[in-house]
Amino acid sequence: MEKTKKKMAQKFEIGDKVAVLDDDISGVVIKVQNNEISVETTDKFVMTFFVNELVKINNSNELSGFFSTQSLGSVLKDKEEPKKRNFVKEKRSRKDEFVLEVDLHIEKLVPSKRGMSNYDILTLQVETAKRQLDFAIKNRLPKVVLIHGVGEGVLKAELDFMLGRYDTISFQDANYQKYGLGATEVYIKQK
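Note that UniProt numbering has the sequence shown beginning at 1, numbered continuously upward.
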């Protein structure tokens with residue numbers, strides 16, 4: 001037991017920087033005697049501790065091997081804000097960005113469908129689609145999306161018939177991810 005204490009005491013030398021394990025005290029070893037170490041604290045007090053109460057603080061030269069060998073300049077250079085890249089932004093007209101979406105669900109067209117027959121509802125939906133399509137053609141909008149819903153397919157069939165009568169348009173099912181199965185995309189060919 002006495003040998004291990006001496007071994008522990010031998011690891012501290014005068015001039016070593018040490019810290020107390022269970023307290024916020026640090027300082028420099030000024031005397032080593034058996035398993036007792038005298039320390040001059042940072043506040044200039046001399047205190048005596050047992051070997052097992054202290055830990056040696058490595059100085060920064062000994063710690064340098066643990067850290068990267070990069071210089072401070074290269075680290076700071078990496079931390080700089082990246083330079084802004086120049087690139088040409090493609091100019092688009094507002095009409096190219098804008099897609100007219102027309103929701104033909106009857107709840108969106110009238111406050112109440114009470115008293116309307118199925119024929120009245122279908123007629124109103126087709127007339128609304130025709131009016132919005134004529135508006136898009138007149139204002140040279142490139143694309144219109146008619147949202148008709150899935151249902152039994154009666155409105156979709158009527159829309160397909162109506163759209164087939166226009167020479168200046170082409171149409172297809174709209175983007176499934178965005179609209180599901182219940183929408184038709186209409187492309188207007190500009191002259």
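All residues carry an ideal CB built from backbone N, CA and C; glycine is no exception.
Beta carbon of residue i nearer than 9 angstroms to that of residue j
i, j, result
"Val32", "Phe12", "yes"
"Val20", "Val29", "no"
"Thr168", "Ile121", "no"
"Thr41", "Ile57", "no"
"Asn135", "Leu100", "Correcting the residue identity first, residue 135 is Phe in this sequence and not Asn. Yes, the pair counts as a contact, with Cβ atoms nearer than the cut-off."
Residue i, DSSP secondary structure in three states
i, result
"Leu100", "strand"
"Glu107", "helix"
"Thr128", "helix"
"Leu21", "coil"
"Glu13", "coil"
"Ile121", "helix"
"Lys56", "strand"
"Ser112", "coil"
From the options, residue whose alpha carbon lies closest to that of residue i
i, options, result
"Gln132", "Asp24, Val186 and Asn58", "Val186"
"Lys189", "Glu101, Leu54 and Arg140", "Arg140"
"Ile37", "Lys108, Ala136, Lys113 and Phe50", "Phe50"
"Gly15", "Asp22, Gly27 and Asp23", "Gly27"
"Glu34", "Asp23, Asn52 and Asp22", "Correcting the residue identity first, residue 34 is Asn in this sequence and not Glu. Among Asp23, Asn52 and Asp22, the Cα nearest to that of Asn34 is on Asn52."
"Leu163", "Phe98, Lys130 and Lys108", "Lys130"
"Ala174", "Tyr166, Val150 and Arg165", "Val150"
"Val55", "Thr48, Val18, Met47 and Leu109", "Val18"
Please list the segments of the beta strand (DSSP E) lying wholly inside the UniProt domain "Smr" (130–189), counting only runs of 3 or more residues, in order along the chain. Runs found: 143–147, 169–173 and 183–188.
Taking contact to mean at least 3 C-beta pairs separated by less than 8 angstroms, is the segment 175–185 in contact with the segment 141–154? With a cut-off of 8 angstroms, the segment 141–154 and the segment 175–185 count as touching, because enough Cβ pairs lie within range.
Does the structure place the segment 153–164 close enough to the segment 114–134 that three or more beta carbon pairs sit under 8 angstroms? Output reads yes: the segment 153–164 touches the segment 114–134.
3-residue-minimum beta strand (DSSP E) runs that sit fully inside the segment 28–56, ordered along the chain: Within the segment 28–56, the complete beta strand (DSSP E) runs of at least 3 residues are 36–41, 46–50 and 54–56.
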